[in-house]
Every structure is written in structure tokens, then in C-alpha cells.
Amino acid sequence: MNTVFTVFRKELTDAFRDRRMVMVNFLLVPLLIPIVFGSLSSVGAKQQRERLEQALELPVVGAERAPNLVAWLRAHNVDVKAIDDGLDEAIRAQTYDVGLSVPESFPADWRGSRPAELQLTFDSSRPTQTGTSIQRIQGLLATYGAEVGSLRLVARGIHPGVGSPVLVTNRDLALPKANPVVAFFVAYLLLMLSFIGGMHLAMDSTAGERERQSLEPLLATPVSREGIVSGKILATAAFAIAGIVATGLFYKYGFAFFAEEGSRSIVDTSAALLGQLFLVILPVVLLGAVLTTVLAAQAKSYREAGSFVSLLMFIPMVPVFAGQFLVVKEKLWMFAVPLFAQNQMITRLVRGESLTAQEWALGMGTGLAVVVLAWLVAARLYKREQLAISG
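Heads up, the sequence shown is in numbering that gives the first Met the number 0, so the first residue is 0 and it goes up one at a time.
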């Protein structure tokens, strides 16, 4: 144990002497997260609010065929612009978000009380830029159609409710904090930082020392290789944890400063949540420290170690994107899958949902078990004589 502590203290001392690495891990990265995320949230919310409040520009082909509809739209804050052609080109050029076409058959169908066709033109490949405008005009047209339909029924002496035999109301069970974008962002950020947060220290304490020819004398000392590798792994994990704590503090106190007033309520930064998230990612931090230390130790130079370790960045991305894009119903056995379990647990906690004792035990237990297995492999690799050979 004395060997582990000695190596641990030595590696952290060397790491904190590197002022650039310390500044990047404990200042720049933690500070940029609330700035970027908070600023984007603020700007996005402001843009959406402006799109809803300002007049919607709507090019209409054949506007003269539906004068009542055009007048109704203008009365509902829609700036109708009558055009003859070129609607498709205007939408592709992003001159307008959405356009409306009134076919030649519209007047006859309208007078005959038949469904009169209207055609919306838009580009669905840009949902962020045009989604609000599309939903807005679709809602207006649906409202207009419902009003006209009700008036036609009243004119025929029929109660408008006859045309609506079913009344559907919504009851959303989502908790107030259950924002999917925030849950995805936090899960991705935490898993990525946990897995590679101590990457630079791991490379410097193994491949860097090997390149500087200081690893060979260390391995030649009469101490156990298990103690040496454990000290390096714990130093890497501690450095990563320190970076995550700094990120959490900047996230907690910085987000409220940079975020828009309306977006603060969707982000829970309570100490209870941050503490639970820290417990969830602890196995990931240890696993990432073991893997980065082992991979970096196999490299002959710091540059080669960077190439090896950079491949690890894809590992924490897999469970996050799998949970985002695959339609998978949550099962208990999923908490026995390392990394995927942590992604599920982080998502649940950020959404404001609780975890059962069984889910906690399974997620933490399997995660720590994988860490132990990885450590055994690392200790075995550190006993190879080739590791002490530099060059």
C-alpha cells in the first residue's frame, strides 16, 4: 500500500507541475461547457420566441383563389406574399421557411363544400431552422379548417359537436425536469469526461516516462509491479475526478449566469443530483483510468500513445447514441451492461426519476467488477519485461 501511495503522490505532483494541462482540465474545459451550452440554449430559446411572436412570412401561389383564407391568415399575424412561381427555389434558397400553394380546383371544391386541397412546401432536412414556422402554419390551417367546418354545420342546423364524436385530452406523465436534450447532453458529457478525463496524465506517466527513459529505473526497483500500476491508475482516476468536479461546479454556478431565464428551470443542479451522478460515473472513471494507462504503456512514444488512447473516445459514445436513437424499452438486465447501465442511470436521474436499490446495486456492482477484471489484466501486462525496455 505504501508503494501505491508513493506512486500516486508522485504522478499527481508531476501532473500539477504542468500548468498548461492543469489550466485546460480545470479551467478551460469546465468553463467552456456552461458558456457553450448556456449560450446556445439562450440563443435558441430567444430565436424560437421571436419566431412565434413576429409575423410569419408565407409565400402563397394562387392566393387569389382563396381570398377568405388569405384574409384570415393576415388577421392572425401572417404576412402573406402572393407569388406566381419559383416557390420551390425560394424554399431551397432559405428565403422562406414554408410556402403554400392553392390549386386551381380549390374554388370549385370550396363552393361545393368538398374538401379543398392546399399544399404546403417546406424542407424537412432543416428542422431547427424551419420547424417552428412549419408547425405554426400547420396549426393555423387546422384551426381555420375546424372553424369553417363548424360554421357549415351550424348553417345546416347541425350542432358542431356532431363532427367531433371523440374529444381527446392529453395527460403528460413526464416530470418537470425530463428534458431529453439535457439528459442526452449530460450523459454524453459525463461519460466522455469520465472515460478520457485523465488521458493526458496516463500517457505522460507511462509512454512519456518511457520516452524520457525514467520508467525503466522505476520498474527496476524492488517493489511490486501491481503497486506501481495501481498508483498510476489511481492518479489518473483522481485527476479525472478533479476535472469532473470542477466541471460540475462551473456547471452548477455558471449555467444560471449564461442560460436564458426560461431555460434555467429545465436544468437541475442540486447537490443531491450532482452527488448521485458522481457515484454513477465512479466505475467509468476507474475503468477509463485502467484502459488508458494500459494502452499508453504499450506505446513507445507519447505521440504513439495519443493515437492509441484516442480510439477510446468512441467507447463511451456507443451507449449514449444507442440509447438516443434505438427504440429500446428499459429492462433490469440493461443495468448489468457496463457503460450502457451508467448511461441509463444518468438519463433517469437527470430526468428527475428515481432508481431502485436493485438497479443501483446491479449498475454499480457490474461496473466495479469490470474494473477489477481490467485491473488484473493491467497488472499482468505490467509484469512483462518488454515494458521496461525503452525505444
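All C-beta atoms, glycine included, are put in the ideal place defined by N, C-alpha and C.
The model shown is predicted, which means the values in this text are computed figures rather than measured ones.
Bridge-paired residues (DSSP) for residue i
i: T120; result: G98
i: D78; result: E56
Nonlocal neighbours in the same chain, by C-beta distance under 7 Å from residue i, ignoring five residues either side
i: Y95; result: E56, P58, A89
i: P106; result: R64
i: A236; result: G197, V284, L285, A288
i: E329; result: Q343
i: D87; result: T120
i: A241; result: F25
i: G247; result: L273
i: G305; result: M202
i: M20; result: A14, H199
i: F277; result: none
i: Y404; result: Outside the shown range of the chain, which is 0 to 390, sits residue 404, and nothing can be said about it.
i: G148; result: G162
Cutoff 6 Å; reference residue i; Cβ partners in own chain excluding five residues on either side
i: N1; result: none
i: P221; result: none
i: D78; result: A54, E56
i: A294; result: Note that residue 294 is Leu in the sequence shown, not Ala. Counting only Cβ-Cβ distances below 6 Å, and skipping sequence neighbours, we find F307, V308.
i: P282; result: G366, L367, V370
i: A245; result: F25, P29
i: V3; result: G226, S229, G230
i: T27; result: A small fix is needed here, since residue 27 is Leu in this sequence, not Thr. Closer than 6 Å at the Cβ level, and outside the excluded window around L27, lies no residue.
i: D115; result: Before going on, a small fix: residue 115 reads as Ala here, not Asp. Excluding residues within five positions, the ones whose Cβ falls inside 6 Å are F105, D108, W109.
i: L192; result: I243
i: F334; result: A340, E358, L361, G362
i: Q118; result: S100
i: V69; result: A62, V79
i: R224; result: Y381, K382
i: I133; result: V97, F121
i: F7; result: G230, L233, A234
i: P159; result: S149, L152
i: A186; result: V319, N342, I345, T346
i: P102; result: E116
Where the alpha helix (DSSP H) containing residue i begins and where it ends
i: W374; result: 356-381
i: P282; result: 270-296
i: K9; result: 1-16
i: E303; result: 301-309
i: E88; result: 86-91
i: Q341; result: 339-349
i: V317; result: 316-324
i: P106; result: 105-110
Local Cβ density within 10 Å of residue i, reported as buried at 16 or more and exposed below that
i: V308; result: buried
i: R209; result: buried
i: K231; result: buried
i: V35; result: exposed
i: P269; result: Going by the sequence as given, residue 269 is Ser instead of Pro. The residue is exposed, with fewer than 16 neighbouring Cβ atoms inside 10 Å.
i: R48; result: exposed
i: D108; result: exposed
i: I157; result: exposed
i: G362; result: buried
i: Q332; result: The sequence given here has Trp at residue 332, not Gln. Classification for W332: exposed.
i: S104; result: exposed
i: D171; result: exposed
i: P337; result: buried
i: A373; result: buried
i: F324; result: exposed
i: T346; result: buried
i: S264; result: Since pLDDT at S264 reaches only 46, below the 50 mark, its modelled position is unreliable, and the value read off the structure follows with that caveat. Exposed, because fewer than 16 other Cβ atoms sit within 10 Å of the Cβ of S264.
i: T355; result: exposed
i: P126; result: exposed
i: A321; result: exposed
i: L166; result: exposed
i: S189; result: Before going further, note that residue 189 is Leu rather than Ser in the sequence given. By the neighbour-count rule (16 or more Cβ atoms within 10 Å), L189 is buried.
Residues near residue i by beta carbon distance below 8 Å, same chain, minus five either side
i: F238; result: L11, A14, N24, G196, G197, L200
i: V161; result: L152
i: T292; result: A201, S204, T205, V228, K231, I232, T235, A377
i: I136; result: L55, L57, V77, V97, L99, L119
i: R211; result: none
| task | Only counting runs of 4 or more residues, tell me where the alpha helix (DSSP H) segments fall wholly within the region 136-210, in order along the chain. | result | 179-195, 198-202
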